[in-house]
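> Take this structure, written in structure tokens, and hold onto it; I'll ask about it next.
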Amino acid sequence: MDQNSLQNDVIDVCLRRGIVFPTAEIYNSYAGFYEYGPVGVKLRENLMVLWQQTFINSEDNVHEISGSTIMPEAVFDASGHLDGFHDPLTQCNKCNSMFRIDHLIEELGLEILDENSFNEQLKNNEIICPNCPGVLSEPRNFNMMFKTNVGPLEGNTGYLRPETAQNIFINFRRIAHSMRASLPFGVAQIGRAYRNEISPRNFLMRLREFEQLELEMFVDPDEINNHPNWVEVENIEINLLTRQNQLKNEKPIKITIKEAFDTKLIPNQYIGYYLALETMFMESIGISNNLFHFRELKENEVAHYSSANYDLEIVFPFGVFEVIGLAYRTDYDLKKHSEKSGAKLQINQPGKGNIVPHVIEPSAGLSRLIYAVMLSSYVYGEPNSDRDWNWFNFTGAMAPWEAAILPLMKKDGMSEGAKELYWQLKDYGLEVIYDESGKIGKRYARNDEIGVKYCITYDYDSLEKDLITIRDRDTMHQVQIKIDLLPDLIRQLILDILTWSDLENEFGRFK
Ligand code: ATP
């Protein structure tokens, strides 16, 4: 399949089916803002739950908070964002278009050198405006934070947070005390972040308002190579693109977490542990290990606060993109906030007194992950076959609805019976949707298109014999079972306790 059509087709479904659409679409709005519609909200919720299951609920020492998105200037002065959170901007002298210089250089297939040489690279490579033959200006740094004024008086400068992490650092003392936490412990947050990107693009990949799922794991630096759950993850295989591989233009290597640690390809066990958890999380949302790799960032790419970074990158049709970052932030943030605020952001470590912990941070972007899930789950129907429509083969956990409840026809009490079943399944805690308009084949196609996992048809057999038909989205096979078995069987299917072929083996295929 042509890669551009894949992108266009996925965007088309998003708009038509209420998954995602541009903000303030009926006005001439800005780029980089999107809304989740009724179907998109379900994908968003499912992704968040899966992230919480992997990064919070699988541990007994990770706590979740939800912080403000606007904070005083002092916070971002201390964190370094005021001085350092900028991208290199250039502007065309003819059409006034603005561009990120590193992106222009990258798109021309040239290697990005450090930011001091951007001007030289523009000149030496005779890079001109991509939209017209205009000349590009000398680079200047553009700070990406949105600035606002808080309250009626001028001068109360606030900023919309460019990452969720800072709330966690500045609340460190309260959280640690209230949860009686001792090291190691983590604080997680899911919430909005804002970046005034120079050129938002690629649909959901580069937005100006987006959601992050971040975890700050606080660790005694002397224990950084002693992760309590190390043996549970050490045999997990990852695709690793080291700095050496990148220098030599090599492909990522397949390696276990243990081997990577033993051969010093990763700096510590906590980094290894989170590379493994990220791999498990990606599999839970339906993106298998062979579609992504972890790239060790080069020295000139590492953020001001970090001593090591591993980006989880997916090879998309339109280029390689980071969807989750993993940073070793050391004690940078807690120290800076302690210095600037005077608050002692420390914790007692038995036998050592008060220490400033080190931080490991996995940081994911929701919209990029959702787009990645959609691109990798999109399946094309075969013209002139039983299924000539396109559809998403989402996993049960990602599907916007677990099942659609469809009366075969509206007459003879089938609508009423199907509606009753719909409420019964909802009361049982299943995510179901009711759909009675149009021919049954059209309704299968409509629900396949947004990735609903099962279609449940209420027909004359349901009215007369208490039997119900379940159709599996992926195989289009059906089984017929007693209605009272339905809630539990659907739950077992969604939780992967039961597979579709188990069900067919037990009840036989229904034709
Ligand atoms: P990039 O280099 O692509 O701009 P970044 O390195 O600045 O990304 P981080 O600061 O590591 O990104 O942010 C963590 C995660 O937040 C990213 O992995 C990504 O999924 C998400 N993210 C960052 N910027 C954006 C954006 N503009 N739009 C959507 N998601 C974003």
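What the sequence shown shows, in the numbering used here, is residues -10 to 500, in sequence order.
The beta-carbon is built from N, C-alpha and C at its ideal position, and this holds for glycine as well.
#1: Tell me, please, which residues DSSP counts as bridged to Y183.
#2: Please tell me whether, using a cut-off of 7 Å, the distance from the CB of V312 to the nearest non-hydrogen atom of the ligand ATP is below it.
#3: Sorry if obvious, but does the Cβ on F199 come closer than 7 Å to a heavy atom of the ligand ATP?
#4: Is the beta carbon of S126 closer than 8 Å to that of N82?
#5: What are the boundary residues of the beta strand (DSSP E) that R460 is part of?
#6: Short check: CB of R6 to CB of I439, under 8 Å?
#7: Given a threshold of 16 other Cβ atoms within 10 Å of its Cβ, counted over all protein chains shown, does D377 qualify as buried or as exposed?
#8: Report, in whole angstroms, the separation of the C-beta atoms of P119 and I90, which I expect to be a contact under 8 Å.
#9: For I101 versus E109, is the C-beta spacing smaller than 8 Å?
#10: When every heavy atom of the ligand ATP is checked, does at least one fall within less than 7 Å of the C-beta of S352?
#11: List the endpoints of the continuous beta strand (DSSP E) containing S352.
#12: For K471, which three-state DSSP category applies?
#13: Looking at the structure shown, is L395 part of a helix, part of a strand, or coil, going by DSSP?
#14: Taking contact to mean at least 3 C-beta pairs separated by less than 8 Å, is the stretch 255 to 274 in contact with the stretch 318 to 337?
#15: Since Y259 contacts V208 with CB under 8 Å, what's their CB separation in whole angstroms?
#16: Tell me, please, which residues DSSP counts as bridged to N138.
#17: Based on DSSP bridge pairs, tell me the residues matched to G342.
#18: Would you report the Cα separation of R357 and N278, rounded to the nearest angstrom?
#19: Let's test the definition: count the other Cβ atoms within 10 Å of the Cβ of K31 and tell me whether it reaches 16, buried, or not, exposed.
#20: Assess, as a yes-or-no matter, whether the stretch 397 to 417 is touched by the stretch 352 to 368 under the definition of 3 or more beta carbon pairs within less than 8 Å.
#21: Does any heavy atom of the ligand ATP sit closer than 7 Å to the C-beta of K87?
#22: Enumerate in chain order the residues of its own chain whose CB-to-CB distance from V139 is below 8 Å, with the five nearest sequence positions on each side excluded.
#23: Any heavy atom of the ligand ATP closer than 7 Å to the CB of L(-5)?
#24: Taking contact to mean 3 or more Cβ pairs, one atom from each stretch, closer than 8 Å, check whether the stretch 63 to 80 and the stretch 147 to 165 are in contact.
#25: Just to check my reading of the structure: G21 and I8 have Cβ atoms closer than 8 Å, yes? What is that Cβ distance to the nearest angstrom?
#26: So, are the CB atoms of L334 and R169 less than 8 Å apart?
#27: Give the range of the alpha helix (DSSP H) segment to which G73 is assigned.
#28: Less than 7 Å between the CB of M363 and some heavy atom of the ligand ATP, yes or no?
#29: Roughly how many angstroms lie between the CA atoms of I483 and Y433, to the nearest whole one?
#30: List the endpoints of the continuous beta strand (DSSP E) containing P11.
#31: Under the criterion of a Cβ to heavy atom distance below 7 Å, does M37 qualify as lining the ligand ATP?
#32: Quick one: complete alpha helix (DSSP H) runs, 4+ long, within the stretch 36 to 75?
#33: I want to know whether the stretch 410 to 422 touches the stretch 383 to 396 - three or more CB-CB distances under 8 Å.
#34: Counting Cβ pairs closer than 8 Å, one from the stretch 237 to 255 and one from the stretch 199 to 207, do we hit at least three?
#35: May I ask you to check if the CB of S356 is nearer than 7 Å to at least one heavy atom of the ligand ATP?
Reading it off the structure:
#1: The partner list for Y183 (beta bridge, DSSP) reads E198.
#2: In this structure, V312 has its CB closer than 7 Å to one or more heavy atoms of the ligand ATP.
#3: Within the chosen limit of 7 Å, the ligand ATP reaches the beta carbon of F199 through at least one heavy atom.
#4: In this structure, S126 lies closer than 8 Å to N82 by Cβ.
#5: Where R460 is concerned, the enclosing beta strand (DSSP E) stretches over L456 to D461.
#6: Yes; because the gap between Cβ atoms is below 8 Å, this pair is in contact.
#7: Looking at its Cβ environment, which holds fewer than 16 other Cβ atoms inside 10 Å, D377 is exposed.
#8: Between I90 and P119 the Cβ distance is about 12 Å, and since that is not below 8 Å, they are no contact.
#9: No, these two residues do not count as a Cβ contact at 8 Å.
#10: Checking the Cβ of S352 against the ligand ATP gives yes.
#11: Counted as a single uninterrupted DSSP element, the beta strand (DSSP E) harbouring S352 occupies residues H347 to G354.
#12: The three-state reading of DSSP puts K471 in strand, counting E and B together.
#13: If DSSP states are grouped into helix, strand and coil, L395 belongs with the strands.
#14: The stretch 255 to 274, when compared against the stretch 318 to 337, does not touch it at the 8 Å Cβ threshold.
#15: Y259 to V208, Cβ: 6 Å. Contact.
#16: As computed with DSSP, N138 is found in a beta bridge with T146.
#17: Partner(s): Q338.
#18: Our two residues, R357 and N278, have alpha carbons roughly 17 Å apart in a direct line.
#19: For K31, the number of other beta carbons within 10 angstroms of its own is at least 16, and it is reported as buried.
#20: At 8 Å Cβ cutoff, the stretches do not touch.
#21: It should be pointed out that residue 87 corresponds to Met in this sequence rather than to Lys. Not under cutoff, so the answer is no.
#22: Only I59, P61, N145, T146 and G147 meet the Cβ criterion.
#23: No - the ligand ATP has no heavy atom lying nearer than 7 Å to the Cβ of L(-5).
#24: Contact check between the stretch 63 to 80 and the stretch 147 to 165: three or more CB pairs, one atom from each, fall below 8 Å, which counts as touching.
#25: The Cβ separation is near 18 Å, so there is no contact.
#26: No.
#27: Counting along the chain, the alpha helix (DSSP H) containing G73 begins and ends at H70 to G73.
#28: No, since every heavy atom of the ligand ATP falls outside the 7 Å radius drawn around the Cβ of M363.
#29: Looking at the two C-alpha atoms, the distance is approximately 19 Å.
#30: Looking at the DSSP string, the run of the beta strand (DSSP E) that includes P11 is V9 to P11.
#31: The ligand ATP never approaches M37 closely enough for any of its heavy atoms to be under 7 Å from the residue's Cβ.
#32: Qualifying alpha helix (DSSP H) stretches, in chain order: 62 to 68 and 70 to 73.
#33: At 8 Å Cβ cutoff, the stretches touch.
#34: Taking a cut-off of 8 Å on C-beta distances, the stretch 237 to 255 does not touch the stretch 199 to 207, as fewer than three cross pairs fall below it.
#35: Yes, the beta carbon of S356 sits closer than 7 Å to at least one heavy atom of the ligand ATP.
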